[in-house]
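Since the structure comes first, as structure tokens, the remarks are kept for the end.
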Amino acid sequence: MGTPHNEASRGDFARTVLMPGDPLRAKFIAETFFENPRLVNNVRGIQGWTGTWRGVPVSAMASGMGIPSIGIYAHELFHFYGVENIIRVGTTGALSERLKLRDLVIAQGACTDSGFAGHLRLPGVFAPIADFRLLETAVAAARERGIEPPVGNILSSDVFYYKHGSGLEWAPMGVLAIDMETAGLYATAAEAGRRALTICTVTDNLVTKEELPPEERQSSLTEMMEIALETAVRMAER
Numbered sequence: 045m046g047t048p049h050n051e052a053s054r055g056d057f058a059r060t061v062l063m064p065g066d067p068l069r070a071k072f073i074a075e076t077f078f079e080n081p082r083l084v085n086n087v088r089g090i091q092g093w094t095g096t097w098r099g100v101p102v103s104a105m106a107s108g109m110g111i112p113s114i115g116i117y118a119h120e121l122f123h124f125y126g127v128e129n130i131i132r133v134g135t136t137g138a139l140s141e142r143l144k145l146r147d148l149v150i151a152q153g154a155c156t157d158s159g160f161a162g163h164l165r166l167p168g169v170f171a172p173i174a175d176f177r178l179l180e181t182a183v184a185a186a187r188e189r190g191i192e193p194p195v196g197n198i199l200s201s202d203v204f205y206y207k208h209g210s211g212l213e214w215a216p217m218g219v220l221a222i223d224m225e226t227a228g229l230y231a232t233a234a235e236a237g238r239r240a241l242t243i244c245t246v247t248d249n250l251v252t253k254e255e256l257p258p259e260e261r262q263s264s265l266t267e268m269m270e271i272a273l274e275t276a277v278r279m280a281e282r
């Protein structure tokens, strides 16, 4: 079948896709966790892998950076490949000193400064939120590991290098952290009638200025990956 951005055939992707931004992180997930992983897409180096974990088919595919990029790949997975669930496993910048490096954040909702949802021509402002079934499953999986992850709003920004401001302006409204994809993913899932969730790991803190080095962002964030995989297994059992 294929699309302009995906050379996979229909049936190559599992019902649930873990979606990091970085293609090397998708490769890491497949090689670290999957049984019998196979590369099903490598158009533009955006790697897509499928295998099994605990006997359940699961896929991992990169989204690239930003809402337009994840909007393309999520749209194609939902509409052309029959994917039912996308779990973003990404990195995030904390907007509070209470959040430490490697802390998990689960995005119940996503504020945004992006105009992405404008293409839907809605008579108002769409509020991008996670699928509750995925959300409650992931929170339960985290709690069973002794983790109580912060769950709430994050900010999905179109800007990485701010000319004015920094994203910290959203912190007084209870916004936990900032990424560049979640609002687009949630809007795309809603339009497709499918499910999406973001589980992020704090890799830098905009308040304390702490950050993880790039090599650790590719390969050391296994806790969120394991929670996402457990969520995929539980969704397959329902």
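Take any residue in the sequence shown, note its place counting from 1, add 44, and you have its number in my numbering. All C-beta atoms in this analysis are idealised placements derived from N, C-alpha and C, irrespective of residue type, glycine included. Quick caveat, the model's predicted, so the values are computed rather than measured.
Beta strand (DSSP E) runs wholly inside the segment 165–223, at least 3 long, in chain order: DSSP assignment within the segment 165–223 yields the following whole beta strand (DSSP E) runs of 3 residues or more, N-terminal first: 195–200 and 221–223.
Apply the 10 Å Cβ neighbour rule to Asn80 and answer buried if 16 or more other Cβ atoms are within range, or exposed otherwise. Around the beta carbon of Asn80, a 10 Å sphere encloses fewer than 16 other beta carbons of the protein chains shown; the residue is thus reported as exposed.
With distances taken between CB atoms, is the gap from Val133 to Pro64 smaller than 8 Å? Taking a C-beta distance under 8 Å as the contact criterion, Val133 and Pro64 qualify as a contact pair.
In the DSSP output, what is Ile131 paired with across the bridge? Looking at the DSSP assignment, Ile131 forms a beta bridge with Leu62 and Leu241.
Out of Phe78, Glu180, Arg187 and Thr136, which has the shortest C-alpha to C-alpha gap to Arg239? Of the listed residues, the one whose Cα sits closest to Arg239 is Glu180.
Cα-Cα separation between Thr242 and Leu212, rounded to whole angstroms: Going by the C-alpha atoms only, they are around 20 Å apart.
In chain order, what residues of the same chain have a beta carbon less than 6 Å from the beta carbon of Ala118, not counting five sequence neighbours either side? Listed in chain order, the non-local C-beta contacts of Ala118 below 6 Å within the same chain comprise Ile130, Leu229 and Thr232, local neighbours out to five positions each way being set aside.
Cα-Cα, which of Arg82, Ala182, Leu164 and Ser158 is closest to Val277? Minimum Cα distance to Val277 is reached at Ala182.
Ala139 classed as buried or exposed, judged by whether at least 16 other C-beta atoms fall within 10 angstroms: According to the sequence as given, residue 139 is Leu; it is not Ala. With 16 or more other Cβ atoms within 10 Å, it is buried.
What is the rounded straight-line gap between the Cα of Arg82 and the Cα of Trp93? Distance between the alpha carbons of Arg82 and Trp93: 6 Å.
Three-state secondary structure assigned by DSSP to Val150: For the sequence presented, residue 150 should be read as Ile rather than Val. Residue state for Ile150 is assigned as strand, using DSSP reduced to three classes.
Looking at Glu51 and Asn85, is the spacing between their C-beta atoms short of 8 Å? A contact, by the Cβ cut-off of 8 Å.
Using DSSP with H/G/I as helix, E/B as strand and the rest coil, what is Thr94? Under the three-state reduction of DSSP output, Thr94 falls in the strand class.
Anticipated Cβ contact below 8 Å, Val195 with Ile150, distance rounded: Yes, they are in contact, since the Cβ atoms of Val195 and Ile150 sit about 5 Å apart, within 8 Å.
If you pair each beta-carbon of the segment 93–111 with each one of the segment 56–63, do three or more pairs fall below 8 Å? Taking 8 Å as the limit for Cβ pairs, the verdict is that the segment 56–63 does touch the segment 93–111.
Between which two residues does the beta strand (DSSP E) containing Pro101 stretch? Pro101 -> beta strand (DSSP E) spans Val100 to Met105.
Inter-residue CB distance, Leu164 and Thr247 (contact presumed, cutoff 8 Å): Rounded, the Cβ-Cβ distance is 31 Å, inconsistent with contact.
Leu83: first and last residue of the uninterrupted beta strand (DSSP E) it sits in: Glu79 to Asn85 is the extent of the beta strand (DSSP E) around Leu83.
Given Ser113, which residues of its chain have a CB within under 7 Å of its CB, disregarding the five upstream and five downstream residues? The residues are Ser107.
Please classify Thr232: does DSSP put it in a helix, a strand, or coil? Looking at Thr232 - three-state DSSP - the assignment turns out to be helix.
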